[in-house]
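J.: Numbering (my numbering), first residue to last: 568 to 781. Note that CB positions come from ideal geometry on N, CA and C, so glycine has one too.
Here's what the structure looks like:
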């Protein structure tokens, strides 16, 4: 009897190791190289206007569609109306202390502060370095309590919790002066649109950090 030759076991084909997907390198924001008449338009990163002591605008710039009693940019004015109504539905009162301010008004305010409150000058923006000139920033309160204590009012707490839902961010968070150039201002809110603002839920991130400028 002939013993059959066993069929050789095929050598298994090794499974190729998948090539890991490289992590994309974050794109650095463009440098702000504006000068002269180019300062008539603001510096932008990913479509978001940035105005600060490092990124200034000339006296020629202002809201493109000033709307309402505070002459805010139309998109900001509409969002503010919705936010104020939502707060009122929760029994919270929001009042606007300041909206759009032109270059001349801002300059007068800064020079007055420089003379009278030099120790607190980091609360004030030089002309051309104020977001109020864009029509996208508002100073908010309850009509009674102002300055830092405003943060502890029902209005301050409500804004801290809900402003991002309407496209506004707390522009100058506590402890971020070295980045923003300004002290903590619990009243100063900046409109950037809901899509981006929803990423600022904890109110600790600055616009500079979000855009890769810090």
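Within a Cβ cutoff of 6 Å, which residues of the same chain sit near residue 651, ignoring the five residues on either side of it in sequence?
T.: Here residue 651 refers to the residue found at position 84 of the chain shown. Excluding positions up to five away in sequence, the list reads 661.
J.: Among 779, 729, 658, which one has its Cα closest to the Cα of residue 764?
T.: Position 197 of the chain shown, counting from 1, holds the residue named residue 764. Looking at the Cα atoms, 729 is the closest of the given residues.
J.: Under a three-way DSSP split, which group does residue 622 fall into?
T.: Stepping through the chain shown from its first residue, residue 622 is reached at position 55. Residue state, collapsed to three classes: coil.
J.: Assign residue 757 to one of two classes, buried (16 or more other C-beta atoms within 10 Å of its C-beta) or exposed (fewer than that).
T.: As a first step, residue 757 is located in the chain shown; it is residue number 190 there, counting from the start. By the neighbour-count rule (16 or more Cβ atoms within 10 Å), residue 757 is buried.
J.: Pull up the distance between the alpha-carbon of residue 713 and that of residue 724, whole angstroms please.
T.: One-based indexing of the chain shown puts residue 713 at position 146. One-based indexing of the chain shown puts residue 724 at position 157. Answer to the nearest angstrom: the Cα atoms are 13 Å apart.
J.: May I ask which residues mark the beginning and end of the alpha helix (DSSP H) holding residue 782?
T.: Nothing can be reported for residue 782, as the shown portion of the chain is limited to 568 through 781.
J.: Here's the rule: buried if 16 or more other CB atoms are within 10 angstroms of the residue's CB, otherwise exposed. What is residue 649?
T.: If you number the chain shown from 1, residue 649 lands on position 82. Under this definition residue 649 is an exposed residue.
J.: How would you write the range of the beta strand (DSSP E) that residue 755 sits in, first residue to last?
T.: One-based indexing of the chain shown puts residue 755 at position 188. Counting along the chain, the beta strand (DSSP E) containing residue 755 begins and ends at 755-758.
J.: Can you give the Cα-Cα distance for residue 777 and residue 685, rounded to whole angstroms?
T.: Taking the first residue of the chain shown as position 1, residue 777 is located at position 210. Taking the first residue of the chain shown as position 1, residue 685 is located at position 118. Approximately 30 Å, taken between the alpha carbons.
J.: Should residue 738 go down as buried or exposed, given a rule of 16 or more other Cβ atoms within 10 Å for buried?
T.: In the chain shown, counting from the first residue as 1, residue 738 sits at position 171. By the neighbour-count rule (16 or more Cβ atoms within 10 Å), residue 738 is buried.
J.: Express the C-alpha separation of residue 634 and residue 780 in angstroms, rounding to a whole number.
T.: One-based indexing of the chain shown puts residue 780 at position 213. One-based indexing of the chain shown puts residue 634 at position 67. Computed Cα separation, rounded: 30 Å.
J.: Let me know the secondary structure DSSP gives residue 689 once reduced to three states.
T.: Numbered from 1 along the chain shown, position 122 holds the residue referred to as residue 689. The answer is helix: DSSP assigns residue 689 an H, G or I state.
J.: Locate the alpha helix (DSSP H) running through residue 725, then write down its first and last residues.
T.: Here residue 725 corresponds to residue number 158 of the chain shown, with the count starting at 1. Unbroken alpha helix (DSSP H) run through residue 725: 721-729.
J.: When the Cα of residue 657 is compared with those of 722, 604, 626, which residue comes out closest?
T.: Residue numbering aside, residue 657 sits at position 90 when the chain shown is read from its first letter. It is 722.
J.: Does the distance from the C-beta atom of residue 744 to that of residue 689 stay below 9 Å?
T.: Counting from one through the chain shown, the residue named residue 744 turns up at place 177. Counting from one through the chain shown, the residue named residue 689 turns up at place 122. In contact: residue 744 and residue 689 (Cβ atoms closer than 9 Å).
J.: In its own chain, which residues sit with a C-beta less than 6 Å from the C-beta of residue 665, not counting the 5 before and 5 after it?
T.: What you label residue 665 is simply residue 98 of the chain shown in a count that begins at 1. Once the five neighbours on either side are set aside, the close Cβ partners of residue 665 are 706.
J.: How about residue 622 and residue 668: are their beta carbons less than 9 Å apart?
T.: Within the chain shown, residue 622 is the residue found at index 55, counting from 1. Within the chain shown, residue 668 is the residue found at index 101, counting from 1. Going by C-beta atoms, residue 622 is not nearer than 9 Å to residue 668.
J.: Give the straight-line distance between the Cα atoms of residue 771 and residue 741, rounded to the nearest whole angstrom.
T.: For this step, residue 771 is matched to residue 204 along the chain shown. For this step, residue 741 is matched to residue 174 along the chain shown. So the two alpha carbons sit approximately 7 Å from each other.
J.: How big is the Cα-Cα spacing for residue 708 and residue 751?
T.: By one-based count along the chain shown, residue 708 stands at place 141. By one-based count along the chain shown, residue 751 stands at place 184. Cα to Cα, the separation comes out at about 15 Å.
J.: Using the three-state DSSP reduction, which class does residue 714 fall into: helix, strand or coil?
T.: Within the chain shown, the letter at position 147 stands for residue 714. Residue state, collapsed to three classes: coil.
J.: Could you name the residues that DSSP lists as bridge partners for residue 665?
T.: Position 98 of the chain shown, counting from 1, holds the residue named residue 665. For residue 665, which the question treats as bridged, DSSP gives the partners 706.
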